[in-house]
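Only one structure is covered here, and it is reproduced in the block below.
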Amino acid sequence: MNSATLAVETIASPHAHGGNSVARTMFRVQMALVPATAFGFWLFGWPAFFLWLLTILSCLGFELLSLKLMGSRRIKGTLWDGSALLTGWLLALTLPPWAPWWVAVIGAFIAIVIGKQVFGGVGQNVFNPAMVARVALLVSFPVPLTQWVTPLPLMSVGAPDFVHGLRIFLTSLPLPDAMASASLLGYTKTEMSRGIDLLNSLAGAHAPAMSWIGARSGSLGESASLLILGGGLYLLVSGIITWHTPLAVLAGLAIPAAIGHAVDPAHYLSVSAHLLSGAAMLGAFFIATDYVTSPNTGSGQIVFGLGVGLLTWIIRSYGGYPEGMAFAVLLMNALTPVIDRFAKPRILGRDRKGKPLDIPENKGA
Amino acid sequence: MSDALKEVPLGGALKEVPSGNNYGNIMKEGLWEQNVVFSQLLAMCPTMAVTTSGTNGLGMGLATTAVLIVSNILVSMIRHTVSSQVRIPVFVVLIATLVTVVDMAMNAWLHDLYKVLGLFIALIVVNCAILGRAEAFAVKSGVAASAVDGLAMGLGFTGALTFIGLIREFLGSGTLFAQASNLLGPSFAFLEMKVPGYGGALLMILPPGGFAILGFLLAGKRVMERRLDERAKQQTGDAAPVAA
Chain A
1423 MNSATLAVET
1433 IASPHAHGGN
1443 SVARTMFRVQ
1453 MALVPATAFG
1463 FWLFGWPAFF
1473 LWLLTILSCL
1483 GFELLSLKLM
1493 GSRRIKGTLW
1503 DGSALLTGWL
1513 LALTLPPWAP
1523 WWVAVIGAFI
1533 AIVIGKQVFG
1543 GVGQNVFNPA
1553 MVARVALLVS
1563 FPVPLTQWVT
1573 PLPLMSVGAP
1583 DFVHGLRIFL
1593 TSLPLPDAMA
1603 SASLLGYTKT
1613 EMSRGIDLLN
1623 SLAGAHAPAM
1633 SWIGARSGSL
1643 GESASLLILG
1653 GGLYLLVSGI
1663 ITWHTPLAVL
1673 AGLAIPAAIG
1683 HAVDPAHYLS
1693 VSAHLLSGAA
1703 MLGAFFIATD
1713 YVTSPNTGSG
1723 QIVFGLGVGL
1733 LTWIIRSYGG
1743 YPEGMAFAVL
1753 LMNALTPVID
1763 RFAKPRILGR
1773 DRKGKPLDIP
1783 ENKGA
Chain B
5 MSDALKEVPL
15 GGALKEVPSG
25 NNYGNIMKEG
35 LWEQNVVFSQ
45 LLAMCPTMAV
55 TTSGTNGLGM
65 GLATTAVLIV
75 SNILVSMIRH
85 TVSSQVRIPV
95 FVVLIATLVT
105 VVDMAMNAWL
115 HDLYKVLGLF
125 IALIVVNCAI
135 LGRAEAFAVK
145 SGVAASAVDG
155 LAMGLGFTGA
165 LTFIGLIREF
175 LGSGTLFAQA
185 SNLLGPSFAF
195 LEMKVPGYGG
205 ALLMILPPGG
215 FAILGFLLAG
225 KRVMERRLDE
235 RAKQQTGDAA
245 PVAA
């Protein structure tokens, strides 16, 4: 009996693993994006598909290149954890569907190399990589990044077939006038600068349509707000994201929009126009909820989300650019460390201010 | 006796640097190893502001070089007469005077370039590289060595600014040395190049592009230096047994 020894290996914590991983989370987010993306392919045809594919492939390529240059030890695991793929996917959803091929490649370079790997790779970046690339592309190449195309469903007459689609994608010729179109936000901004207020411009014959179903010009992620919303609700139900950020973003956008529209409908778009246009849905559910670049606590996320929504509304209403979601997300990303400083998670056994909890001494005695 | 007198105005902290005829070393330090932009990271304000084209970078760099050489010479000449307590104000007045002269000269003879660089010429006064060299080198060194140091640091600065400017200009507007004839005279118009059919990425002309390019260049320089170090180490490692 005495000779029996206790064979225990010492293992560092954590001792239990929930089975979750970066790859699994990323995969679920991608699943949530599938319906909206597929609908976008149907709506805008082959060029949109090529754009999506090349953006993702270039993101993976630049990720691989960065990891090789940095001498990473687990290249395969990091490359296939889905984070670069998701970045590329989100970036593709914010681009004009018929953007030329080099937009995809340059955007992927900016997102992965400058937006992410320079800071140290996944989990280290200060700013949302996809939004960094979106803003850099918009500032650098204003013309191809604001050329929206009228929806031409895949099977309809006049939609480009596979070869023609590839030609559109590779040659970056200017769009034919018949197919060029403006997004709702861009259209109202242009009309406003010409001195035509919203009441007249939206009643005009050329006013872009606005609908939940999404047969409208815009980026892939802009057209199908309902499908994006559905994907977002799936993420919410499956516990990938919490309700704080999306609700706060939408509230931060909707409340000022409602006030503005009630006060002066000639100069401020309605709530539904704001919520269904641009990247509002995509931003609220998929971009502002990025784990790395948003605050840790629920209260912090509410502040963050309200800031994103409010800034988006301000930029859309008063700024030079028609859409401001990307700028708003980046600005609030910069504030995230400050928010995190004020809204800290509670430490186990202490209250929110960091004082030890009162534990009744003689419990049960 | 004379040594003791020398020590008095300078104070203990500012000892004379023994400068032999190591001018080659001074040049190397200024151009590469202690490059104002790439190693010391000084003068970031003009580096970001004027490097939107190669020509602007070159003009700014040359103006700074002129100020730097003369200020180094003057500071070195008066280093025994100015007491260490008041040396900074004296240096600043000296540098400000020089900058005013350069400013007026450029306004008179290089007016087109002056219109572009305008404000930043006057701001050479507060360029930390100049006061930095006065403090770090000229006040402790002989006149000739100080002049060489000013030249080396200035040329290193000019090279860095021109290089960053060329990259940003190429990526941002698809040209190289645009309007070089403004700076160097009409005979240098052949330098001006344009990439056909390239509109340029506006971001590279804007400040974020400047920071991104500078960051990549800094990283590149560090990688180069590390490789050179490793190679040198290997060579000495290989050579040592043979020599022994």
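For the protein sequence lines, the chains are A and B, in the order given. Yeah, the first sequence ends on 1787 if you go by the working numbering, and it's all consecutive. Yeah, the second sequence ends on 248 if you go by the working numbering, and it's all consecutive. Even glycine gets a Cβ: it sits at the ideal position worked out from N, Cα and C.
1. Across which residues does DSSP place P1778/A in a beta bridge pair?
2. How would you list, in chain order, the residues of chain B whose beta-carbon sits under 8 Å from the beta-carbon of I1536/A?
3. So that I know if they touch, is there some Cβ in chain A lying closer than 9 Å to that of G203/B?
4. Check the Cβ-Cβ distances between I1736/A and every residue of chain B, and say whether any is below 9 Å.
5. Which partner residues of K198/B appear in the DSSP bridge assignment?
6. Exposed or buried, D107/B, counting other C-beta atoms within 10 Å across all chains shown (16 or more means buried)?
7. Shorter than 9 Å from the beta carbon of P1564/A to some beta carbon of chain B?
8. Tell me whether C49/B is buried or exposed, calling it buried when 16 or more other Cβ atoms sit within 10 Å of its Cβ.
9. Examine the ligand NAD and report whether any of its heavy atoms sits within less than 8 Å of the Cβ of E1745/A.
10. Closest to H84/B by C-alpha separation, out of L123/B, A142/B, V130/B, E37/B, would be which residue?
11. Please report whether the beta-carbon of G158/B lies at a distance below 9 Å from any beta-carbon of chain A.
12. Of the residues A1429/A, F1466/A, V1430/A, G1441/A, which one's Cα is nearest the Cα of G1640/A?
13. In chain order, which alpha helix (DSSP H) runs of at least 4 residues are fully inside the segment 99–126 of chain B?
14. Classify R137/B: buried if its beta carbon has 16 or more other beta carbons within 10 angstroms, exposed otherwise.
15. Let me confirm a value: F237/B is counted as buried when at least 16 other C-beta atoms fall within 10 Å, else exposed. Which label applies?
16. Can you say whether E1745/A is buried or exposed, counting buried as having 16 or more other CB atoms within 10 angstroms of its CB?
17. Using a Cβ cut-off of 7 Å, pull out every chain B residue sitting near V1751/A, in sequence order please.
18. Please list the terminal residues of the continuous alpha helix (DSSP H) segment that includes T51/B.
19. Whose Cβ in chain B lies nearer than 7 Å to the Cβ of A1558/A?
20. Look at G1742/A and M1703/A and say whether their C-beta atoms are less than 9 Å apart.
21. Taking the alpha-carbon of T1447/A as reference, which of L1513/A, V1714/A, S1615/A has the nearest alpha-carbon?
22. What do you reckon, are the CB atoms on G158/B and L78/B nearer than 9 Å?
23. If G63/B and L170/B are in contact, beta carbons under 8 Å, what's the gap, nearest whole angstrom?
24. Along the chain, where does the alpha helix (DSSP H) containing S75/B start, and where does it finish?
25. Quick check on the DSSP output: the alpha helix (DSSP H) that includes F1471/A runs from which residue to which?
26. Among the candidates I1478/A, R1763/A, T1612/A, P1469/A, whose CA atom is the shortest distance from the CA of V1585/A?
27. Tell me which residue opens and which closes the alpha helix (DSSP H) that Q1723/A is part of.
28. Counting pairs of Cβ atoms below 8 Å between the segment 1495–1507 of chain A and the segment 1534–1553 of chain A, do you hit three or more?
29. So, with DSSP's three-state summary, where would you put L1642/A?
30. I need the straight-line Cα distance from A1701/A to M1747/A, nearest angstrom please.
31. So with Cβ pairs under 9 Å, would you call G219/B a contact of chain A?
32. Taking the alpha-carbon positions, what's the Q1546/A to L1489/A distance?
33. Output, in chain order, the set of chain A residues within a Cβ distance shorter than 8 Å of L210/B.
34. DSSP state of V246/B, grouped into three classes?
35. Please report the distance separating the alpha-carbon of G1542/A from that of A184/B.
36. Could you give the first and the last residue of the continuous alpha helix (DSSP H) run that contains I134/B?
Short version:
1. R1772/A
2. A216
3. yes
4. no
5. T179/B
6. buried
7. yes
8. exposed
9. The model depicted lacks the ligand NAD and carries no ligand whatsoever.
10. A142/B
11. no
12. F1466/A
13. 115–121, 123–126
14. buried
15. A quick correction: the sequence has Lys, not Phe, at residue 237/B. Exposed: under 16 other Cβ atoms inside 10 Å.
16. buried
17. In chain order: nothing, as chain B lies at least about 16 Å away.
18. 48–54
19. L207
20. no
21. V1714/A
22. no
23. In fact, because the Cβ distance is near 13 Å, the residues do not count as touching under 8 Å.
24. 58–81
25. 1468–1492
26. P1469/A
27. 1720–1740
28. yes
29. helix
30. 6 Å
31. yes
32. 14 Å
33. V1561
34. Because V246/B sits at a pLDDT of 48, beneath the cut-off of 50, its placement in the model cannot be relied upon, and the point is left open.
35. 40 Å
36. 132–140
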